[in-house]
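Since the structure comes first, as C-alpha coordinates, the remarks are kept for the end.
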Amino acid sequence: MTLGTAVSIAVALLATTATVAPDDAFAATAKTQQAAKKKAVAPASSAKKKSAKASSDKSAKVAAADAPRAKASRKRVTLASNVHGGHHGAVRKVAFQPRRPTVGQAFGLHDTPDALALRSSVAYVVDQNSGEPLFDKNSHAVVPIASISKLMTAMVVLDSKTPMTDQIEVTDEDRDYEKGTGSRLSVGSVLSREDMLHIALMASENRAAAALSRYYPGGRPAFIAAMNAKAKSLGMTDTHFENSTGLSSSNVSSARDLVKMVNAAYQYPMIRQFSTDRTYEVYTGKRNLVYNSTNALIRGNGSWDIGLQKTGFINEAGECLVMQATIHGKPMVMVLLDSFGKYSRFADAARLRNWLDAGGGERLTAANTPSGGT
(Lines of atoms letter the chains of each structure in order from A and count residues from 1; the text may use other names and numbers.)
(Lines give C-alpha, C1' and ligand atoms only; values in the text may rest on other atoms or scores of the structure.)
Protein backbone atom coordinates (compact mmCIF):
# COMPACT_ATOMS: atom_id res chain seq x y z
CA MET A 1 0.00 0.00 0.00
CA THR A 2 1.41 3.41 -0.98
CA LEU A 3 1.58 6.34 1.42
CA GLY A 4 -0.97 8.29 -0.62
CA THR A 5 -3.38 5.35 -0.52
CA ALA A 6 -2.94 4.93 3.22
CA VAL A 7 -3.69 8.58 3.88
CA SER A 8 -6.70 8.41 1.56
CA ILE A 9 -8.03 5.48 3.59
CA ALA A 10 -7.63 7.53 6.76
CA VAL A 11 -9.72 10.32 5.30
CA ALA A 12 -12.37 7.86 4.12
CA LEU A 13 -12.58 6.37 7.60
CA LEU A 14 -12.76 9.84 9.04
CA ALA A 15 -15.69 10.76 6.78
CA THR A 16 -17.74 7.69 7.72
CA THR A 17 -17.24 7.87 11.48
CA ALA A 18 -20.07 9.42 13.53
CA THR A 19 -18.92 12.45 15.50
CA VAL A 20 -20.19 14.31 18.52
CA ALA A 21 -17.68 17.15 18.62
CA PRO A 22 -15.01 18.63 16.32
CA ASP A 23 -12.17 16.93 18.18
CA ASP A 24 -13.86 13.57 17.73
CA ALA A 25 -14.03 13.89 13.95
CA PHE A 26 -10.86 11.93 13.29
CA ALA A 27 -10.89 8.16 13.39
CA ALA A 28 -8.35 5.86 11.79
CA THR A 29 -6.95 2.38 12.28
CA ALA A 30 -6.31 0.79 15.66
CA LYS A 31 -2.63 1.36 15.09
CA THR A 32 -3.25 5.04 14.51
CA GLN A 33 -5.38 5.36 17.61
CA GLN A 34 -2.75 3.61 19.71
CA ALA A 35 -0.07 5.93 18.37
CA ALA A 36 -2.23 8.94 19.08
CA LYS A 37 -2.39 8.01 22.75
CA LYS A 38 1.39 8.05 23.00
CA LYS A 39 1.85 11.49 21.48
CA ALA A 40 0.44 14.67 22.95
CA VAL A 41 -0.28 17.10 20.16
CA ALA A 42 0.12 20.80 20.85
CA PRO A 43 -2.90 22.88 19.81
CA ALA A 44 -1.85 24.32 16.53
CA SER A 45 -11.90 34.78 10.08
CA SER A 46 -24.31 47.29 0.31
CA ALA A 47 -22.95 50.45 0.27
CA LYS A 48 -19.71 51.16 1.94
CA LYS A 49 -16.63 49.06 1.27
CA LYS A 50 -12.93 49.69 1.10
CA SER A 51 -9.96 47.80 -0.28
CA ALA A 52 -6.56 48.73 1.14
CA LYS A 53 -3.92 46.34 -0.12
CA ALA A 54 -1.18 48.87 0.58
CA SER A 55 -2.42 50.19 3.92
CA SER A 56 0.05 50.40 6.80
CA ASP A 57 0.59 47.58 9.27
CA LYS A 58 -0.78 49.78 12.04
CA SER A 59 -4.14 50.07 10.30
CA ALA A 60 -4.57 46.33 9.87
CA LYS A 61 -5.65 44.38 12.91
CA VAL A 62 -4.29 40.91 13.39
CA ALA A 63 -6.63 38.58 11.52
CA ALA A 64 -8.22 35.59 13.12
CA ALA A 65 -7.35 32.11 11.88
CA ASP A 66 -9.41 30.44 9.17
CA ALA A 67 -11.58 28.72 11.73
CA PRO A 68 -11.44 29.03 15.49
CA ARG A 69 -9.00 26.47 16.82
CA ALA A 70 -10.60 23.76 18.89
CA LYS A 71 -8.68 23.97 22.12
CA ALA A 72 -7.76 21.02 24.28
CA SER A 73 -10.88 19.94 26.11
CA ARG A 74 -11.06 20.54 29.83
CA LYS A 75 -12.79 18.58 32.57
CA ARG A 76 -13.40 19.80 36.10
CA VAL A 77 -11.95 17.20 38.45
CA THR A 78 -12.63 18.62 41.89
CA LEU A 79 -13.39 21.79 43.75
CA ALA A 80 -11.43 22.41 46.94
CA SER A 81 -12.15 25.13 49.49
CA ASN A 82 -9.46 26.91 51.48
CA VAL A 83 -10.79 28.02 54.84
CA HIS A 84 -7.44 28.84 56.41
CA GLY A 85 -5.83 32.24 56.74
CA GLY A 86 -9.03 34.11 57.51
CA HIS A 87 -10.58 33.89 54.05
CA HIS A 88 -12.45 31.48 51.86
CA GLY A 89 -11.23 30.54 48.40
CA ALA A 90 -11.97 27.95 45.75
CA VAL A 91 -9.35 26.13 43.70
CA ARG A 92 -10.51 24.50 40.49
CA LYS A 93 -8.41 21.62 39.22
CA VAL A 94 -8.63 20.98 35.51
CA ALA A 95 -7.53 17.97 33.48
CA PHE A 96 -6.55 18.56 29.85
CA GLN A 97 -7.17 16.12 27.04
CA PRO A 98 -4.96 16.68 23.97
CA ARG A 99 -6.50 17.12 20.55
CA ARG A 100 -6.44 14.15 18.21
CA PRO A 101 -3.61 14.12 15.63
CA THR A 102 -3.92 15.39 12.09
CA VAL A 103 -4.09 12.83 9.30
CA GLY A 104 -0.48 13.63 8.47
CA GLN A 105 0.64 13.06 12.05
CA ALA A 106 -1.32 9.83 12.34
CA PHE A 107 0.25 8.35 9.24
CA GLY A 108 3.80 9.48 9.88
CA LEU A 109 4.10 12.18 7.23
CA HIS A 110 5.93 14.36 9.75
CA ASP A 111 8.58 11.67 10.04
CA THR A 112 9.69 12.36 6.47
CA PRO A 113 13.00 14.25 6.70
CA ASP A 114 13.65 17.26 4.52
CA ALA A 115 16.63 19.48 3.87
CA LEU A 116 15.10 22.58 5.45
CA ALA A 117 13.57 20.99 8.57
CA LEU A 118 10.12 22.31 7.64
CA ARG A 119 7.25 21.92 10.08
CA SER A 120 4.85 21.16 7.23
CA SER A 121 4.50 17.45 6.53
CA VAL A 122 3.71 18.25 2.88
CA ALA A 123 5.69 20.84 0.91
CA TYR A 124 5.85 21.34 -2.83
CA VAL A 125 7.34 24.20 -4.85
CA VAL A 126 7.00 24.39 -8.63
CA ASP A 127 8.36 26.83 -11.21
CA GLN A 128 5.10 28.23 -12.59
CA ASN A 129 6.50 28.83 -16.07
CA SER A 130 8.19 25.49 -16.66
CA GLY A 131 6.21 23.28 -14.29
CA GLU A 132 9.50 21.95 -12.89
CA PRO A 133 9.32 20.77 -9.26
CA LEU A 134 11.99 22.51 -7.18
CA PHE A 135 11.13 21.13 -3.74
CA ASP A 136 9.13 17.99 -3.05
CA LYS A 137 8.09 16.55 0.29
CA ASN A 138 5.20 14.07 0.29
CA SER A 139 3.59 15.76 -2.72
CA HIS A 140 1.56 12.63 -3.56
CA ALA A 141 -0.05 12.31 -0.11
CA VAL A 142 -3.82 12.82 -0.17
CA VAL A 143 -4.85 14.80 2.91
CA PRO A 144 -7.59 17.19 4.09
CA ILE A 145 -7.07 20.71 2.72
CA ALA A 146 -9.46 22.81 4.86
CA SER A 147 -10.15 26.32 3.51
CA ILE A 148 -7.80 25.89 0.56
CA SER A 149 -11.07 24.53 -0.87
CA LYS A 150 -12.34 28.11 -1.21
CA LEU A 151 -10.19 28.64 -4.31
CA MET A 152 -12.36 26.05 -6.06
CA THR A 153 -15.45 27.66 -4.53
CA ALA A 154 -14.42 30.97 -6.09
CA MET A 155 -13.84 29.47 -9.54
CA VAL A 156 -17.24 27.76 -9.52
CA VAL A 157 -18.96 31.01 -8.48
CA LEU A 158 -17.26 32.97 -11.25
CA ASP A 159 -17.81 30.27 -13.86
CA SER A 160 -21.56 30.42 -13.16
CA LYS A 161 -21.69 33.97 -14.59
CA THR A 162 -24.35 34.88 -12.04
CA PRO A 163 -24.53 38.64 -11.35
CA MET A 164 -21.97 39.71 -8.76
CA THR A 165 -24.34 42.46 -7.60
CA ASP A 166 -27.03 39.98 -6.52
CA GLN A 167 -27.83 40.24 -2.82
CA ILE A 168 -27.24 37.12 -0.71
CA GLU A 169 -28.65 36.64 2.78
CA VAL A 170 -27.02 34.49 5.46
CA THR A 171 -29.44 32.00 7.01
CA ASP A 172 -29.31 29.21 9.58
CA GLU A 173 -28.43 26.86 6.73
CA ASP A 174 -25.05 28.57 6.51
CA ARG A 175 -24.06 27.90 10.12
CA ASP A 176 -21.25 25.44 10.78
CA TYR A 177 -22.99 22.46 12.37
CA GLU A 178 -20.04 20.13 11.71
CA LYS A 179 -17.23 21.86 13.59
CA GLY A 180 -19.27 24.38 15.57
CA THR A 181 -17.14 27.34 14.51
CA GLY A 182 -18.45 30.88 14.88
CA SER A 183 -18.64 33.78 12.46
CA ARG A 184 -18.85 37.55 12.56
CA LEU A 185 -21.37 37.34 9.73
CA SER A 186 -24.59 36.92 11.70
CA VAL A 187 -27.73 35.26 10.40
CA GLY A 188 -29.75 37.87 8.51
CA SER A 189 -26.69 39.66 7.13
CA VAL A 190 -27.06 40.64 3.47
CA LEU A 191 -24.11 41.19 1.13
CA SER A 192 -23.60 41.19 -2.61
CA ARG A 193 -22.23 38.06 -4.22
CA GLU A 194 -19.02 40.02 -4.88
CA ASP A 195 -18.60 40.98 -1.23
CA MET A 196 -19.31 37.42 -0.11
CA LEU A 197 -16.62 36.13 -2.45
CA HIS A 198 -14.19 38.82 -1.32
CA ILE A 199 -14.34 37.97 2.38
CA ALA A 200 -14.45 34.23 1.68
CA LEU A 201 -11.12 34.46 -0.14
CA MET A 202 -9.33 37.14 1.88
CA ALA A 203 -10.63 36.43 5.39
CA SER A 204 -11.76 32.81 4.87
CA GLU A 205 -15.28 33.71 6.03
CA ASN A 206 -17.05 30.35 6.19
CA ARG A 207 -20.64 31.57 6.22
CA ALA A 208 -19.93 33.62 3.11
CA ALA A 209 -18.64 30.53 1.30
CA ALA A 210 -21.62 28.50 2.52
CA ALA A 211 -24.12 31.14 1.37
CA LEU A 212 -22.46 31.35 -2.04
CA SER A 213 -23.01 27.64 -2.58
CA ARG A 214 -26.65 27.87 -1.50
CA TYR A 215 -27.38 30.67 -4.00
CA TYR A 216 -25.86 28.71 -6.90
CA PRO A 217 -28.26 27.67 -9.70
CA GLY A 218 -29.57 24.30 -8.57
CA GLY A 219 -28.60 24.94 -4.97
CA ARG A 220 -25.85 23.49 -2.81
CA PRO A 221 -25.85 19.94 -4.27
CA ALA A 222 -25.35 21.37 -7.76
CA PHE A 223 -22.55 23.58 -6.46
CA ILE A 224 -20.63 20.66 -4.92
CA ALA A 225 -21.10 18.67 -8.12
CA ALA A 226 -19.66 21.61 -10.07
CA MET A 227 -16.65 21.77 -7.73
CA ASN A 228 -15.85 18.11 -8.35
CA ALA A 229 -16.49 18.44 -12.08
CA LYS A 230 -14.10 21.40 -12.24
CA ALA A 231 -11.47 19.41 -10.37
CA LYS A 232 -11.85 16.55 -12.82
CA SER A 233 -11.53 18.90 -15.80
CA LEU A 234 -8.25 20.21 -14.36
CA GLY A 235 -6.87 16.70 -14.01
CA MET A 236 -7.03 16.77 -10.21
CA THR A 237 -7.31 13.01 -9.77
CA ASP A 238 -6.47 13.04 -6.03
CA THR A 239 -9.14 15.60 -5.15
CA HIS A 240 -12.66 15.43 -3.75
CA PHE A 241 -14.96 18.10 -2.29
CA GLU A 242 -17.88 17.68 0.11
CA ASN A 243 -18.61 21.35 0.82
CA SER A 244 -17.71 24.88 -0.22
CA THR A 245 -16.05 25.94 3.04
CA GLY A 246 -13.41 23.27 3.62
CA LEU A 247 -14.72 22.57 7.13
CA SER A 248 -15.30 18.97 6.10
CA SER A 249 -12.30 16.69 6.51
CA SER A 250 -13.56 14.88 3.40
CA ASN A 251 -12.36 17.80 1.27
CA VAL A 252 -9.07 16.22 0.26
CA SER A 253 -6.31 16.69 -2.28
CA SER A 254 -2.59 16.28 -2.88
CA ALA A 255 0.03 19.00 -3.24
CA ARG A 256 0.44 18.08 -6.91
CA ASP A 257 -3.27 18.58 -7.52
CA LEU A 258 -3.26 21.86 -5.62
CA VAL A 259 -0.61 23.26 -7.94
CA LYS A 260 -3.07 22.63 -10.78
CA MET A 261 -5.82 24.39 -8.82
CA VAL A 262 -3.62 27.40 -8.03
CA ASN A 263 -2.58 27.71 -11.67
CA ALA A 264 -6.23 27.60 -12.75
CA ALA A 265 -7.36 30.10 -10.11
CA TYR A 266 -4.53 32.43 -11.13
CA GLN A 267 -6.30 32.93 -14.46
CA TYR A 268 -9.13 34.78 -12.66
CA PRO A 269 -8.20 38.44 -11.98
CA MET A 270 -10.87 38.75 -9.28
CA ILE A 271 -9.46 35.79 -7.36
CA ARG A 272 -5.96 37.26 -7.57
CA GLN A 273 -7.18 40.62 -6.24
CA PHE A 274 -9.54 39.40 -3.53
CA SER A 275 -7.17 36.79 -2.13
CA THR A 276 -4.28 39.26 -1.80
CA ASP A 277 -6.10 42.26 -0.33
CA ARG A 278 -5.01 43.09 3.19
CA THR A 279 -8.26 44.51 4.56
CA TYR A 280 -11.82 45.00 3.35
CA GLU A 281 -14.94 46.62 4.77
CA VAL A 282 -18.51 45.50 4.15
CA TYR A 283 -21.95 46.67 5.25
CA THR A 284 -24.24 43.80 6.25
CA GLY A 285 -27.48 45.77 6.43
CA LYS A 286 -26.97 45.91 10.18
CA ARG A 287 -23.44 47.19 10.68
CA ASN A 288 -20.07 47.75 9.08
CA LEU A 289 -17.53 44.96 9.40
CA VAL A 290 -13.82 45.27 8.69
CA TYR A 291 -12.14 42.02 7.69
CA ASN A 292 -8.41 41.34 7.52
CA SER A 293 -6.38 38.82 5.58
CA THR A 294 -5.71 35.49 7.26
CA ASN A 295 -2.24 35.45 5.68
CA ALA A 296 0.50 36.92 7.88
CA LEU A 297 2.70 37.39 4.80
CA ILE A 298 0.03 39.65 3.27
CA ARG A 299 -0.28 41.58 6.54
CA GLY A 300 3.49 41.87 6.88
CA ASN A 301 6.04 44.43 5.75
CA GLY A 302 5.45 44.04 2.03
CA SER A 303 8.58 42.01 1.35
CA TRP A 304 6.61 39.32 -0.45
CA ASP A 305 5.37 39.60 -4.06
CA ILE A 306 2.27 37.42 -3.79
CA GLY A 307 -0.07 37.10 -6.76
CA LEU A 308 -2.58 34.71 -5.20
CA GLN A 309 -2.91 32.93 -1.86
CA LYS A 310 -5.20 30.95 0.39
CA THR A 311 -4.80 29.74 3.94
CA GLY A 312 -6.61 26.89 5.65
CA PHE A 313 -7.05 25.14 8.98
CA ILE A 314 -9.11 22.41 10.58
CA ASN A 315 -7.86 19.97 13.20
CA GLU A 316 -7.57 17.11 10.73
CA ALA A 317 -5.66 19.17 8.15
CA GLY A 318 -3.31 21.21 10.33
CA GLU A 319 -2.14 24.62 9.13
CA CYS A 320 -2.23 24.96 5.33
CA LEU A 321 -1.08 27.54 2.79
CA VAL A 322 -0.96 27.78 -1.00
CA MET A 323 0.52 30.72 -2.88
CA GLN A 324 1.61 32.04 -6.22
CA ALA A 325 4.57 34.31 -5.57
CA THR A 326 7.51 35.75 -7.45
CA ILE A 327 10.74 34.54 -5.85
CA HIS A 328 14.20 35.34 -7.13
CA GLY A 329 12.59 36.91 -10.19
CA LYS A 330 10.59 33.79 -11.09
CA PRO A 331 6.89 32.99 -10.59
CA MET A 332 6.52 30.05 -8.21
CA VAL A 333 3.62 28.01 -6.86
CA MET A 334 4.11 26.95 -3.25
CA VAL A 335 2.01 24.40 -1.35
CA LEU A 336 2.40 23.81 2.40
CA LEU A 337 0.04 21.39 4.15
CA ASP A 338 -0.34 19.97 7.65
CA SER A 339 2.04 22.39 9.33
CA PHE A 340 2.41 22.18 13.10
CA GLY A 341 1.87 25.50 14.90
CA LYS A 342 -0.28 28.49 13.95
CA TYR A 343 2.44 30.55 12.25
CA SER A 344 4.73 27.72 11.18
CA ARG A 345 3.37 27.62 7.62
CA PHE A 346 4.51 31.21 7.12
CA ALA A 347 7.92 30.45 8.61
CA ASP A 348 8.19 27.46 6.28
CA ALA A 349 7.36 29.70 3.32
CA ALA A 350 10.12 32.10 4.39
CA ARG A 351 12.61 29.23 4.66
CA LEU A 352 11.73 28.07 1.18
CA ARG A 353 12.03 31.58 -0.25
CA ASN A 354 15.43 32.11 1.36
CA TRP A 355 16.57 28.76 0.03
CA LEU A 356 15.37 29.61 -3.48
CA ASP A 357 16.97 33.06 -3.33
CA ALA A 358 20.25 31.32 -2.50
CA GLY A 359 19.94 29.11 -5.57
CA GLY A 360 18.54 26.10 -3.75
CA GLY A 361 16.24 25.22 -6.63
CA GLU A 362 19.28 24.43 -8.75
CA ARG A 363 20.78 22.09 -6.14
CA LEU A 364 17.84 20.04 -4.92
CA THR A 365 14.70 18.80 -6.65
CA ALA A 366 13.71 16.12 -4.13
CA ALA A 367 13.60 17.01 -0.47
CA ASN A 368 12.89 13.52 0.83
CA THR A 369 16.47 13.16 2.02
CA PRO A 370 17.95 14.02 5.40
CA SER A 371 20.60 16.34 4.03
CA GLY A 372 21.59 18.50 1.09
CA GLY A 373 20.29 21.71 -0.43
CA THR A 374 20.66 23.91 2.62
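Mind the numbering: the sequence shown is residues -20 to -1, 1 to 354 in mature numbering (1 follows the signal peptide of the UniProt record, and there is no 0), read in order.
All C-beta atoms in this analysis are idealised placements derived from N, C-alpha and C, irrespective of residue type, glycine included.
What you are looking at is a predicted structure, and each value in this text was computed from that prediction instead of being measured.
Counting along the chain, Asp328 sits inside the alpha helix (DSSP H) bounded by residues 324 to 337. DSSP places Pro201 in the helix class (H, G or I) of the three-state scheme. Taking the Cα positions, Gly292 is about 11 Å away from Leu131. Around Met176, the same chain offers Ile148, Ala188, Ala191, Leu192 as residues with beta carbons nearer than 7 Å, after the five sequence neighbours per side are excluded. If the five residues before and after Asn223 are omitted, its C-beta is found closer than 7 Å to the C-beta atoms of Ile204, Asn231, all from its own chain and listed in chain order.
Secondary structure of Lys290 (DSSP, three-state): strand. Note that the C-beta distance between Asp218 and Val122 is below 7 Å.
A distance below 7 Å separates the beta carbons of Asp257 and Met182. Beta-carbon to beta-carbon, Gly226 and Ile125 are separated by about 6 Å, close enough to satisfy the 8 Å threshold. Within 10 angstroms of the beta-carbon of Tyr104 lie 16 or more other beta-carbons, which makes it buried. Distance from the CA of Ser324 to the CA of Cys300, rounded to the nearest whole angstrom, comes to 10 Å.
Under DSSP, the beta-bridge partners assigned to Glu299 are Phe293, Ser319.
Glu261 and Asn268 do touch by the CB rule: their CB atoms are close to 6 Å apart, below 8 Å.
As computed with DSSP, Lys117 is found in a beta bridge with Ala103. Counting the other Cβ atoms within 10 Å of the Cβ of Ala235 gives 16 or more, which makes it buried.
The beta carbon of Lys240 sits closer than 7 Å to those of Leu214, Gly215, Met216, all from its chain and outside the five residues before and after it, given in chain order. Between Gln289 and Tyr246, the C-beta gap is not smaller than 7 Å, which leaves the two residues out of contact.
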